[in-house]
Amino acid sequence: MRFDVLNLILGWTLVALTVPLLFCVVITGYLDNWELALRAFSIPAGLSLFIGSMMLRFGTKRNTNMRLRDREAFAAVALVWPLAVFIGALPYWFGGVFHGPFTDGSSFADVARGAVNSWFESMSGFTTTGATVISTSMSPNCLPGMDCINTQPRGLLLWRSLTQWFGGMGIIMLGMMILSRVIGGGMALARAELTGPSLSRLKPKLQETALALWGLYLALTVLEFGLLLSIGGMDLFDSINHALTTMPTGGFSTYDGSIGHFESYTIELIIILFMFIGGINFTLLWFIREGQFRKATQDEEFKNYLVYILTTFLFITIALLATRDYTTVDSFIDSLFHVVSIGTSTGYTSTDYMQWPVVTHLFLFVLMIVGASAGSTSGGLKLLRVNLAFKVAMRELVRIAQPRKVQTIRMNGEVVGNQQLGLIVGMLFVWIGLFAIASILLAFIVPGEDFESILALVASSLGNTGPTIGNYGPSNTWAGLNSGALLLTSILMWFGRLELLTAVILLHPHTWRSESKDQAPRGALARLRRMI
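Numbering (the numbering used here), first residue to last: 28 to 559.
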């Protein structure tokens, strides 16, 4: 591990993070007041700039021929999230969204819990989970009967939405455009951020690929903003915020009631469209932009995505119609909205689906776990991996019946190598193991919770979904969880956003070996071990 290179990556990312923070200083000063703007955003901006600059001082500016190694890329991606989350939590803590050092009449216990709440809200934002703890019990400026989220300062709500927008494509993708000019090996960073067979070079240079992806991401965000403002009838502030949190499939809203607050089918249909787009592999979206529709429509994962969404939508709609409590229009739109919302891990809600038949909760639970397409902004295991794991299982079953039959696994007509298949199966086993361990830990931390709520909280955190089933469904926030549970679920969000393996790599001792040890001859090392 070359720690100077690691410092360089982390330092540039923190320096870049000061830009949206300073932007929020101006917006908060204009929409709220300058005292709040300086307190909530200038201190975090200064701290981010200071820490980033110090890291850059310890980071050597390597020559352009030096390549970034995979383990350095994985370590950088894994560590950049906690750093960004820490800085991103400070505006909530200093700005009074939760009890903080500037909140009048707060006890030490209140301030400490406020720090945990701020960390959780920031992690939920940057990982695009969308779960919140803003509530009457946790927010000092919210009284019973108020819409707690909407009573928060405008500038802080905008920051909350921006954390999801930047987190959606990955903070590291933004830094990649800078770092590819400073050091080589930018593709290693991209592989670390987008674990699995999902990233394609769209341009000859990686910096151009990153710019192309960000340009597409920005264009879709602006398009949704325009539609929500002009056709949907949202006001300017709400249109901006919901556009910022839809494309990253994040789900933060400016109201406690989420999209249900607006009571508008037009708004719901617009958001359904862009949530669905957010669940598509961005490489395919680029092909569509370039007019290569056949490449997109013939993609196996895209076909599976369509079938997956439509089939689940059909079953839930039938279940709702069978109860005779819903009109046909309500059944169709509510079902489609929540299937796309949960299936893409966005987490918006338009109604309380906990009032639906129990069988629909099982479908929603599966959607939380699976997620949408690889290479999209959604969370979950991803359809590509689930599909390939299923093909591996089918191949092994065929081998039992026909041991001599040679069967290859293909995706889009191309053979998938055993190394790639091993990585995917390994990730699924890690996910299952982590899910089981986290569920047991959470049951110990919150012993009063029921089994359904425990499993749903873990699935929602690992899948970066937000709303769950059980006691933390669409009508409740996560404020009822104690500090230990919030810290555990925030760690699970981090693991889920990094798709597990990137975070697990940090635990391997080889990741942190110094460069000199890496370059030592194996024979010398063997002789040294024998001497010891």
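Backbone N, C-alpha and C define an ideal beta-carbon position, used for all residues, glycine too.
In the DSSP assignment, residue 365 falls within the unbroken alpha helix (DSSP H) covering 355-370. If you draw a straight line from the Cα of residue 277 to the Cα of residue 490, it is about 12 Å long. Between residue 460 and residue 466, the alpha-carbon positions lie close to 10 Å from each other. Shown here for residue 33: same chain residues with a beta carbon closer than 7 Å to its own, the five before and five after excluded, namely 99, 102 and 103 in chain order. A check of alpha carbon separations from residue 194 across 325, 406 and 354 identifies 406 as the nearest.
DSSP, read as helix, strand or coil, puts residue 381 in helix. The C-alpha of residue 304 is placed about 41 Å away from the C-alpha of residue 129.
Take residue 145, set aside five residues on each side of it, and the residues of its chain with a beta-carbon closer than 6 Å to its own are 116, 119, 120 and 125, in chain order. Judged by DSSP secondary structure, residue 158 falls outside any alpha helix (DSSP H); it is assigned neither H nor E. Counting every other CB atom within 10 Å of its CB across the protein chains shown gives residue 509 a total below 16, marking it as exposed. Secondary structure of residue 442 (DSSP, three-state): strand. In the structure shown, residue 140 adopts helical secondary structure according to DSSP, grouped into three states. Secondary structure at residue 181: helix, using DSSP grouped into helix, strand and coil.
Residue burial annotation: residue 475 is exposed, with fewer than 16 other C-beta atoms found within 10 angstroms of its C-beta.
With respect to the 8 Å criterion, residue 390 and residue 343 are classified as neighbours on the basis of their beta carbons. Straight across, the Cα-Cα distance linking residue 414 with residue 435 is about 14 Å. For residue 296, same chain residues with a beta-carbon under 8 Å away, outside a window of 5 residues either side, are 360 in chain order. Cβ neighbours of residue 481 within its own chain (closer than 6 Å, five residues either side excluded): 466, 469 and 470. Per DSSP, residue 473 lies in no alpha helix (DSSP H) and is assigned neither H nor E.
In this structure, the alpha-carbon of residue 329 lies about 12 Å from that of residue 315. Per DSSP, the unbroken alpha helix (DSSP H) holding residue 512 starts and ends at 510-524. In this structure, the beta-carbon distance from residue 150 to residue 107 does not fall below 8 Å. For residue 437, the secondary structure class from DSSP, reduced to helix, strand or coil, is strand.
The beta carbon of residue 45 sits closer than 6 Å to the beta carbons of 72, 75 and 76 from its chain, once the five residues preceding and following it are set aside; these are given in chain order.
Secondary structure at residue 169: coil, using DSSP grouped into helix, strand and coil.
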